[in-house]
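Visitor:
Residue numbers (our numbering), protein chains in the order written: chain A, 243 to 753; chain B, 243 to 919.
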């Protein structure tokens, strides 16, 4: 009679039963809300999408969609109104934005009905042109399809695992994979959060937390306590303002910070190792001031490079040393911050400081690395000023430092004589190439799409507050709670204790 | 509901020598009485030991029950057939639903109580509970022995030894509910004396010693306080603001349709405020006030008047004057908990206009007491290291009657199940406030006395006071065994009726114009051409179930008794549906249990030292609890998960092997038996 309405769903017991039966469900769905920077996996019934091809200069980009609403995405973006295309067959279609019906690109679409797909679920692939504008437009269009959201770290893989599409060795590597992907996302988030956009999100998050704390205080304490109605009126104003600001931000695409694309390569090391000389060599112009005086570079110098077809954002940083100079200290802080956000760090060492014995040199370098890098981030060791070493020692180092355990790739160069630079460029190029092959590295469009999805949810939840404000404060508060959680997926999780802390700081509650 | 006197099951120490109980409950407060009653309901031979039988069920502090968040706990304890809801309905003298205008999910059923009636009800219930015996005495120590090697744990409890006479009484499990009595000390002014409540000695130092030294449990110290009791006749109530109860009292219990107290017999409360004089007295007497100078953690939300005026100076603070009972000639000044010397207490209260000439009957005082860090407990409230030992109430770092009652019930039911060799049971934070309370305690621990707030419940819109019976009564009967079949049958009747009514509402499927004809007074927008069901209509602010029932009497009038519940179900349904996915995810995680004896430091999976340290310290019981810990990364969760899955597989293979071996042995035995001798 009413096929789409479940009759007993409103009763609690019914809900509990469905849960019990899923006891044996496989467990990787559980990767949940624990990682601070990385957003939590939402429930599995969602349909997810992501850019699956590499980043950088490429002719074709592949965007994958997986989950029950995949067919919907195909219908409303590739114009299949009547029936779906034959499975696993490439068709050339116009890809349109479902909201404006504007044509975004012409490309191939493929339909993989479950279970014969990578993830075992209904899936769709869009093969589109590789330009960032096209990719961004398609990702944003997908985000506007009901039931679709950007994939979280490792989510495609987890779903494939769930469907039994991965072998045992792949399953064992899952933890490491997720670690790597969340790390990549964390670095992405850090980059953005340290900028103007980050300050904006953080400000919203702080204001929202305060709104929630005040509504919760009004619910939990107002009857017996001195929490005046004025508190709620101030929340009304804040919620209205926040909703308007977030909606304005979502509408105005140019607003906010332009996200920095490309692989982030950071040059770091002790003072006077020749970091700025390396930067100048790499960009083939005197972008940074070089001098024999230690501590010449005090701020981060940034240059965009095209390295054999791959976009690279190269940063030179202040030399790391303890300094009493306030400006230099700030420079060192910024340098360390940049290293934390880097996809690849070039650790530059003055060869003349190396002990002459190879064993001791390796130990020296290991210790030096641990002082520069926060953990085992990707890096290359660049031993500069090789021209200052005696020929014999140079050869010995060059031969024997390769493949020493616990050390990354080592390149012996001289910025003065250009010795070893060519080999170094080959090593650097192949590292950057590897990084670009992974769609998670340096792909701001992905993060952008994720942020949009969370911000849209946040704004919608704030509208729920307004809707229920006068009739049911519990449901109104639920709206603020969802808003805080959505924004928290960008800025970090917010727990009940944190809200209670704000309550007790702002109100005198006592009975 | 009744409070008739029945034949008491009182025991004398002499009769008990060599007696074996299933469960011994130590303490007769809110946790202890619920624990003892729940254990007996589950089917255990239970002994309740308390220092003084006549203080069983005493309200040591405020004469009230329920409130926002706490009311939810009372409803849930009642849904599991506990005592406090029915006791509140019997003893209540001023009922009100707090937050009435803020939505049914956060309604806070609350009542002022008559202390004497409450105590009478609890005592009479306990003394007429089958399988439950009450003994007056003080416990000197726990009897502890080697653990059962089949189960995790380093010790096993075998009973208790009484203080005088050194009688040992054995039991398979013991529930400790020592409240503020564990190494308790009382503070008034500069005087400190041992005690758990004014007029009562603390529990035996031997008990603290066993917990700390013998069992190696980490303990901490917390404090709380209570206000002076005021002589009612000495207060000029005309200077305070009158506060009336609800004109139709709502009972706490799902079994009661009305309260013992008639609506018109309810007593009022009075509201008054502090003056600058109060702040002056506090400041002048600080050096005479030991308790306030201590740095032991007190509750932030129930601070003494001293901390209130010191933290928020220059303000006027609320003081509620509450009746203590129908025949009592005392008033309870809520908000005036204080620990200064009695003569200064008198000076302070006389700074408040209605109490200009007030007399103090009993001065306020502070209490400091030991608690056991609750992360050492399992979600069944069993001490992880000690088989058969359960803790409930303030000993776990909580505050409040309702929090104590909720834990008591759950610990008592589990202690009984343990004693009767049944698996222990847990409540999820997705299905109840009791689950939220226990999960917060055992997985996060406490830094100050823990009190329930609705803001602690993630699924507040689903965990409402109105549906506690649907959420818990069937589980309490089918899985726990702590619910009577009478209550169970009633909850099934309610559940089926509600489901039928919702089906009937959905079957009313009309166009907007037909609805407009049926309900002319309701503003239904006709812009939508869609059809609407009765359930959709019931979500409208101005539509009540009564209106729908009078429009469609043939299909709806038989459900009139559930009018309010149906309205709430309809309004909350879309929000509960949204909660459902997240709830399912959490419940899946909670179904993955982590072994309690796991050595996280040598676990052969990729985990950082930091994560290992956290896991070792907290020892989460399930993967769900592990994911909620600070500092646990998604990668760590996956690695743990793979480990658990692999180990479970191995265990299963091992079990199968053992089973096969056992079969082989049996066959061998059978063969050898059949051999000719």
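We treat Cβ as the ideally placed atom computed from N, Cα and C, and that holds for glycine.
Since the structure is predicted, the reported quantities are computational estimates derived from the model, not experimental observations.
For residue 261 of chain B, would you say it is in contact with chain A, using Cβ-to-Cβ distances shorter than 8 angstroms as the test?
Guide: no
Visitor: Run through the DSSP bridge pairs and tell me what residue 562 of chain B is partnered with.
Guide: B:513, B:576
Visitor: Helix, strand or coil for residue 284 of chain A? Go by DSSP, reduced to three states.
Guide: Since pLDDT at residue 284 of chain A reaches only 32, below the 50 mark, its modelled position is unreliable, and no value is offered.
Visitor: Could you give the distance in angstroms between the alpha-carbon of residue 519 of chain B and the alpha-carbon of residue 533 of chain B?
Guide: 21 angstroms
Visitor: Report back the beta-carbon spacing between residue 652 of chain A and residue 625 of chain A to the nearest angstrom; my notes put them in contact at under 8 angstroms.
Guide: 6 angstroms
Visitor: Using a Cβ-Cβ cut-off of less than 9 angstroms, list which residues of the segment 793 to 819 of chain B approach chain A; keep chain order.
Guide: 811, 812, 813, 814, 815, 817, 818, 819
Visitor: How far does the beta strand (DSSP E) with residue 354 of chain B in it extend, from its first residue to its last?
Guide: 350 to 355
Visitor: On the DSSP bridge assignment, give the partners of residue 436 of chain B in chain order.
Guide: B:427
Visitor: Rounded C-beta distance between residue 673 of chain A and residue 622 of chain A? I'm assuming under 8 angstroms.
Guide: That belief holds up - the Cβ atoms of residue 673 of chain A and residue 622 of chain A are roughly 6 angstroms apart, short of 8 angstroms.
Visitor: Cα separation between residue 276 of chain A and residue 394 of chain B?
Guide: Caution applies to residue 276 of chain A, whose pLDDT of 29 falls short of 50 and renders its modelled position unreliable; the model cannot decide the point.
Visitor: Could you tell me whether the Cβ of residue 344 of chain B comes closer than 8 angstroms to any Cβ of chain A?
Guide: Taking 8 angstroms as the threshold, the shortest C-beta distance from residue 344 of chain B to chain A falls below it.
Visitor: Name, please, each residue of chain B whose Cβ falls closer than 9 angstroms to the Cβ of residue 742 of chain A.
Guide: 542, 543, 695, 697, 698
Visitor: What would DSSP say about residue 381 of chain B, mapped onto helix, strand or coil?
Guide: Of the three classes helix, strand and coil, the one that applies to residue 381 of chain B here is strand, per DSSP.
Visitor: Out of curiosity, what's the CA-to-CA distance linking residue 708 of chain A and residue 844 of chain B?
Guide: 53 angstroms
Visitor: Report the residue ranges of all beta strand (DSSP E) runs contained in full by the segment 829 to 890 of chain B; include only those spanning at least 3 residues, in chain order.
Guide: none
Visitor: What does the alpha-carbon distance come out to for the pair residue 710 of chain B and residue 314 of chain B?
Guide: Rounded to the nearest angstrom, the gap between the Cα atoms of residue 710 of chain B and residue 314 of chain B is 8 angstroms.
Visitor: At 4 residues or longer, what runs of the alpha helix (DSSP H) sit wholly inside the segment 641 to 711 of chain A?
Guide: 663 to 679, 686 to 710
Visitor: Would you say the segment 676 to 688 of chain B touches the segment 648 to 660 of chain B, given that touching needs at least three Cβ pairs under 8 angstroms?
Guide: yes
Visitor: Pick from B:359, B:291, B:665: whose alpha carbon is nearest that of residue 379 of chain B?
Guide: Comparing Cα-Cα distances from residue 379 of chain B to each of B:359, B:291, B:665, the minimum goes to B:291.
Visitor: Mind pulling the alpha helix (DSSP H) runs of 4 or more residues that sit fully within the segment 583 to 610 of chain B?
Guide: 584 to 591
Visitor: Could you check what DSSP says for residue 330 of chain A in three-state terms: helix, strand or coil?
Guide: coil
Visitor: Which partner residues of residue 544 of chain A appear in the DSSP bridge assignment?
Guide: Looking at the DSSP assignment, residue 544 of chain A forms a beta bridge with A:557.
Visitor: Leaving out five residues before and five after residue 721 of chain B in sequence, what residues of the same chain have Cβ atoms less than 8 angstroms from its Cβ?
Guide: Counting only Cβ-Cβ distances below 8 angstroms, and skipping sequence neighbours, we find 667.
Visitor: At the level of alpha carbons, what is the spacing between residue 301 of chain B and residue 832 of chain B?
Guide: 36 angstroms
Visitor: What does DSSP give as the partner residue(s) for residue 403 of chain B in the beta ladder?
Guide: Beta-bridge pairing links residue 403 of chain B to B:383, B:410.
Visitor: Which residues in chain A have a C-beta closer than 9 angstroms to the C-beta of residue 671 of chain B? List them in chain order.
Guide: Within chain A, no residue comes near residue 671 of chain B; the closest Cβ sits about 11 angstroms away, beyond 9 angstroms.
Visitor: According to DSSP, what are the bridge partners of residue 317 of chain B?
Guide: Residue 317 of chain B pairs with nothing; no bridge assigned.
Visitor: Using the Cβ count rule (16 or more neighbours within 10 Å means buried), how would you classify residue 634 of chain B?
Guide: Result: buried.
Visitor: Since residue 716 of chain A meets chain B, which of its residues come closer than 7 angstroms, beta carbon to beta carbon?
Guide: Within chain B, 344, 345, 347, 348, 702, 703 have C-beta atoms less than 7 angstroms from the C-beta of residue 716 of chain A, given in sequence order.
Visitor: Taking 8 angstroms as the threshold (beta carbon to beta carbon), is residue 462 of chain A in contact with chain B?
Guide: yes
Visitor: Spatial neighbours of residue 695 of chain B within its chain, please: CB distance less than 7 angstroms, with the 5 preceding and 5 following residues excluded, ordered by chain position.
Guide: 311
Visitor: Residue 482 of chain A bridges to which residues according to DSSP?
Guide: Under DSSP, no beta-bridge partner is assigned to residue 482 of chain A.
Visitor: Leaving out five residues on either side along the sequence, give the residues of the same chain with a beta carbon under 6 angstroms from the beta carbon of residue 262 of chain B.
Guide: 412
Visitor: Counting only Cβ pairs nearer than 8 angstroms, list the residues of chain A close to residue 310 of chain B.
Guide: 461, 462, 463, 465
Visitor: Please state if the CB of residue 511 of chain B and the CB of residue 358 of chain B are separated by a distance shorter than 8 angstroms.
Guide: no
Visitor: Checking contacts by CB at 8 angstroms: is residue 638 of chain B closer than that to chain A?
Guide: no
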